[in-house]
Amino acid sequence: MYIGDDDPEDQSLCVVEHKAIKSLCQGLVQQCCYRSRPSWKLESFMKRGTVVRICFKCPYCKEARTWVSSRVLAGHYLANQKLVHAFICAGMLPRQFVNFCTFAELVPAQIFLISLATFFVPCTIPTNFSMWLHVVVVVVVVVVVVVVVVVVVVVVVVVVVVVVVVVVVVVVVVVVVVVVVVVVVVVVVVVVVVVVVVVVVVVVVVVVVVVVVVVVVVWWWWWWWWWW
């Protein structure tokens with residue numbers, strides 16, 4: 332937000348409690364040493380979310396006084412907790428509230444998320460939210476890659492097993508067919524041989540019988556002619 336036409340610097344905002352303003356005014360007008368008038372010098376300025384913490388020091392006696400724009404409740408600044416409570420009750424999405432605070436330079440996004448988390452869970456959360464976000468993204472990517480690799484390996488194993496089973500079945504079928512064909516051929520050959528042998532035996536028997544009959548007839552005829 333720009334504060335006046337003569338100061339082009341973009342200044343961030345903060346939240347101050349009414350009692351803290353009164354305490355600041357009283358402290359700035361109060362003397363700290365023998366000097367006739369107060370002359371406090373700003374030493375440090377630190378911002379935590381929407382709350383600022385300022386340290387003043389007297390240049391003469393070196394006495395330091397600290398002023399905070401919000402009280403502390405249960406280990407957390409009350410102003411930050413009130414903003415988180417207002418965010419929850421207003422029904423805003425987290426991204427909407429973060430964008431609002433970012434553009435207003437009211438509270439950084441990671442501070443808001445830390446305050447939101449500590450509002451529900453009273454524990455210590457790392458302030459480097461972006462680093463943890465990157466870690467989470469890397470972990471998710473690694474998990475996705477591992478799952479994809481496992482799925483690919485399982486698919487490859489299943490395909491290999493199916494191919495091996497199909498090959499084994501085909502080989503078994505071919506072997507069975509070959510055995511059946513060989514058995515059929517052997518049976519046919521045996522039957523043919525048996526038939527040929529039987530035919531040959533029958534022919535031989537018929538020939539022997541014919542020869543015997545012819546011999547008997549010739550002998551009988553010769554004998555009859557001789558005697559008569």
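So the sequence shown is numbered by this note's numbering: it starts at 332 and just counts up by one.
Backbone N, C-alpha and C define an ideal beta-carbon position, used for all residues, glycine too.
On a predicted model such as this, the values are computed, not experimentally measured, just so you know.
Cβ-based burial, residue i [other Cβ within 10 Å; buried from 16]
| i | result |
| --- | --- |
| residue 410 | buried |
| residue 414 | buried |
| residue 334 | Any reading at residue 334 needs caution, since the residue's pLDDT is 49, under 50, leaving its predicted position unreliable; the model's value is listed next. Looking at its Cβ environment, which holds fewer than 16 other Cβ atoms inside 10 Å, residue 334 is exposed. |
| residue 379 | buried |
| residue 371 | buried |
| residue 428 | buried |
| residue 356 | exposed |
| residue 416 | exposed |
| residue 497 | exposed |
| residue 412 | buried |
Straight-line Cα distance separating residue j from residue i
| i | j | result |
| --- | --- | --- |
| residue 501 | residue 485 | 24 Å |
| residue 562 | residue 553 | Given a span of 332 to 559 for the chain in the structure shown, any question on residue 562 remains unanswerable. |
| residue 539 | residue 521 | 27 Å |
| residue 467 | residue 476 | 14 Å |
| residue 516 | residue 531 | 22 Å |
| residue 610 | residue 506 | This structure cannot speak to residue 610, because the chain is shown only from 332 to 559. |
| residue 326 | residue 388 | Nothing in the structure corresponds to residue 326, since the chain is present only between 332 and 559. |
| residue 435 | residue 353 | 25 Å |
| residue 527 | residue 508 | 28 Å |
| residue 511 | residue 488 | 34 Å |
| residue 425 | residue 473 | 27 Å |
| residue 548 | residue 556 | 12 Å |
| residue 480 | residue 494 | 21 Å |
| residue 407 | residue 381 | 12 Å |
| residue 490 | residue 518 | 42 Å |
| residue 420 | residue 361 | 41 Å |
| residue 551 | residue 525 | 38 Å |
| residue 529 | residue 504 | 37 Å |
| residue 390 | residue 405 | 35 Å |
| residue 377 | residue 344 | 13 Å |
| residue 430 | residue 423 | 11 Å |
Integer Cβ distance of residue i from residue j, believed to fall under 8 Å
| i | j | result |
| --- | --- | --- |
| residue 396 | residue 358 | 6 Å |
| residue 375 | residue 392 | Not quite, the Cβ-Cβ distance comes to about 18 Å (not below 8 Å), so this is no contact. |
| residue 363 | residue 394 | 5 Å |
At 4 residues or longer, and completely inside the stretch 474-540: list those alpha helix (DSSP H) runs for me, N to C.
-> none
The stretch 387-403 / the stretch 342-361 touching (three or more Cβ pairs under 8 Å) | yes
Counting only runs of 4+ residues fully inside the stretch 395-434, write out the alpha helix (DSSP H) ranges in chain order.
-> Within the stretch 395-434, the complete alpha helix (DSSP H) segments of 4 residues or longer fall at 409-421 and 425-434, listed in chain order.
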